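Chemist:
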Amino acid sequence: MALTCFHTCDYSTALDFYHLSLNMKRTIHDLDPLDLAASYSGISSVLETFGRYDEALANTEQSFQIRSAILPKLHPDLIINHNQFGLIYMGLGNLNKALKHYEKALEIQQLTLPENHKTLVTLNSNLSSLCGDLGNYDMALEKMERAIDIQLQLGLEAREVDTITMYSNYGLIWAEKLQYDKALEQYQLALDLVNQNQPLINHSAHAELRLKIGQIHAQKTNYDEALNCFNQAIDIYNKILSSRNHQDFVHCYVPIADVYQDKNDYEKSLEYYKLTLDCFRNSSSAEDTVLATIYANIGVLYENMRNTPAALYYNEKALEILLKLSTDDAVRPDLVPIYVNLAGVYSIDKNPLEALKYSEKALETALKCLSTDHPLVDKCMKLVGKLRKEQEEQAATAAARLKSNPICPIL
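For the sequence shown, my numbering assigns the number 4 to the initial residue and increments by one for each residue that follows.
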């Protein structure tokens with residue numbers, strides 16, 4: 004029952020059923036401990052979906068401890084835990100740890116399962132997302148192509164939703180490479196599968212697909228088409244979600260707000276950003292990375308409105324959340340755009356020293372966690388170079404002014 008609710012995106016009910024199942028299993032005297040491990044894994048999957056990564060990590064560790072104490076070191080069931088560890092550490096921004104767990108999962112798979120086993124679909128798909136986060140788009144494409152190839156070999160009937168999601172994610176990588184027409188080709192393949200399967204018309208995968216198509220149109224400044232796609236996604240979520248404050252609506256409101264911001268309709272943009280904050284008011288994930296992104300976006304909006312106090316306030320709230328989620332052994336790549344935003348606000352506020360400080364912090368962070376050819380690294384280098392040059396020019400101007408108008412000493 005819990006698994007059914009999870010696959011239909013009723014995550015709260017799924018979590019309730021998983022907890023109920025776990026409590027019942029604990030009362031059984033001669034229960035197989037591996038059944039407990041399965042319950043902990045299920046709970047972890049739901050918590051990871053909610054963005055409650057610390058709780059998800061604790062449950063995955065429980066599951067892993069049980070399995071690793073009973074099963075051989077290379078047992079296929081351990082792939083489940085390593086994959087979950089990978090997803091959680093990606094959410095926590097610890098991409099290096101995520102990579103280690105995915106590599107361990109692949110090692111076990113290669114030694115114990117056929118080369119076209121269904122677990123390789125999930126692993127290659129997740130590795131593709133990780134490579135994309137690291138800015139290694141060519142490797143991300145390669146991994147996603149491998150996942151899709153295996154999926155097609157296995158047949159579409161039982162896992163059509165997964166195939167749609169993979170085409171959608173494949174398109175996303177092309178979009179990140181700014182190759183929008185290739186992205187739309189993949190999105191169309193996914194859309195064709197949706198149209199061939201009536202139950203998928205009102206499915207979260209269809210809503211997510213409409214959002215991605217809309218974002219491509221927004222990038223191409225086809226704003227009316229973009230808004231149409233975003234509203235189609237809202238219509239789907241209205242049919243499948245019980246509350247208008249569900250966090251999935253955030254993924255609709257944010258791009259709508261971004262479109263209105265691009266159209267310089269700042270009041271309308273702010274209206275949709277406020278709707279996103281309403282979705283988080285009663286959320287158990289108050290310090291979620293999505294919330295940090297929303298605060299940062301609102302900060303950019305106020306920066307464009309030249310309201311620097313409000314821009315600083317929202318960027319600092321975003322920074323506070325992400326720093327709390329950071330760990331000593333992991334640098335979060337999502338800190339980079341926040342530092343860039345703060346540098347921009349201080350530049351507008353005529354505070355060149357603070358602007359340079361945050362631009363250098365952005366570059367330092369980017370170099371620690373992103374590949375050297377990532378667009379953000381290039382952006383940070385250019386920003387630091389620009390601000391340093393401006394400071395040098397200001398210092399030279401001040402020195403020249405002082406030389407032409409020397410200050411006479413008081414005798």
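A virtual CB, placed ideally from N, CA and C, is assigned to each residue, including glycine. Predicted model only: the values in this text are computed from it and were never measured.
#1: Quick one: residues in its chain with C-beta nearer than 7 Å to the C-beta of Ala137, no 5 flanking neighbours on either side, listed in chain order?
#2: Candidates Leu325, Asp227, Ser245, Cys255: which alpha carbon is nearest Lys266's?
#3: Determine the direct distance from the alpha carbon of Lys146 to that of Val197, and round the result to whole angstroms.
#4: Quick one: grab the DSSP three-state call for Thr63.
#5: Could you spell out the range, first to last residue, of the alpha helix (DSSP H) harbouring Met147?
#6: Which value, in whole angstroms, describes the spacing of the CA atoms of Gln189 and Val124?
#7: In its own chain, which residues sit with a C-beta less than 7 Å from the C-beta of Ser288, not counting the 5 before and 5 after it?
#8: Is Ile301 buried or exposed, if buried means 16 or more other CB atoms sit within 10 Å of its CB?
#9: Determine the direct distance from the alpha carbon of Tyr317 to that of Ala358, and round the result to whole angstroms.
#10: Checking 8 Å against the spacing of the C-beta atoms, do Thr122 and Leu77 come in under that value?
#11: Can you round the beta-carbon distance between Glu211 and Ser246 to whole angstroms, since I take them to be within the 8 Å contact cut?
#12: Going by Cα to Cα distance, which pick from Ala403, Asn344, Asp352 is closest to Val387?
#13: Which whole-angstrom value is the C-beta distance of His206 and Val164, which I expect to be below 8 Å?
#14: Tell me whether Thr400 sits in a helix, a strand or coil according to DSSP, three-state version.
#15: Is it the case that the CB of Asn354 approaches a heavy atom of the ligand SAH more closely than 7 Å?
#16: With respect to the alpha helix (DSSP H) encompassing Asn241, which residues constitute its N-terminal and C-terminal limits?
#17: Is DSSP giving Arg213 helix, strand or coil here?
#18: Inspect the beta-carbon positions of Gly96 and Arg335 and report whether they are closer than 8 Å.
#19: With a CB to CB cut of under 7 Å and the five nearest residues on each side skipped, what residues in its chain are close to Leu90?
#20: What are the start and end residues of the alpha helix (DSSP H) that includes Gly96?
#21: Kindly confirm or deny that the region 251-271 and the region 221-239 touch, where touching means at least three C-beta pairs closer than 8 Å.
#22: Can you tell me whether DSSP reads His220 as helix, strand or coil?
#23: So, at 6 Å on beta carbons, what are the nonlocal neighbours of His85 in its own chain, with the 5 sequence-adjacent residues on each side left out?
#24: List the whole-angstrom C-beta distance separating Ile69 from Ala101, where the pair is believed to meet the contact cut-off of C-beta under 8 Å.
#25: Among residues of its own chain, excluding the 5 on either side of Tyr342, which ones have a beta-carbon nearer than 6 Å to its beta-carbon?
#26: Are the CB atoms of Thr63 and Ser47 within a distance shorter than 8 Å?
#27: Do Leu294 and Ile324 have their beta-carbon atoms positioned less than 8 Å apart in this structure?
#28: Using only the alpha-carbon positions, how far apart do Leu18 and Ala59 sit?
#29: In the DSSP assignment, find the unbroken alpha helix (DSSP H) run with Ile341 in it and report its ends.
#30: Give me the residue from Met308, His377, Asp376 with the minimum Cα distance to Ile351.
#31: To the nearest angstrom, report how far apart Leu144 and Gln182 are at their CA atoms.
Modeler: Looking at the coordinates:
#1: In the sequence as presented, Ala is not what sits at residue 137; that position holds Leu. Cβ within range, chain order: Leu98, Leu373, Ser374.
#2: Asp227
#3: 23 Å
#4: helix
#5: 140-157
#6: 17 Å
#7: The pLDDT assigned to Ser288 is 49, lower than 50, so where the model puts this residue is not dependable; a value taken from the coordinates is nonetheless given after this. Cβ within range, chain order: Phe53, Gly54, Arg55.
#8: buried
#9: 16 Å
#10: no
#11: At roughly 18 Å, the Cβ-Cβ gap does not stay under 8 Å, so Glu211 and Ser246 are not in contact.
#12: Asn344
#13: 7 Å
#14: helix
#15: Among the components of this structure there are no ligands whatsoever, and the ligand SAH is therefore not found.
#16: 226-243
#17: helix
#18: yes
#19: Glu51, Asn129
#20: From DSSP, Gly96 is part of no alpha helix (DSSP H); its letter is neither H nor E.
#21: yes
#22: helix
#23: His104, Lys107, Ala108
#24: Contact flag wrong, Cβ pair sits at about 22 Å.
#25: Tyr361, Lys364, Ala365
#26: yes
#27: yes
#28: 12 Å
#29: 338-351
#30: Met308
#31: 13 Å
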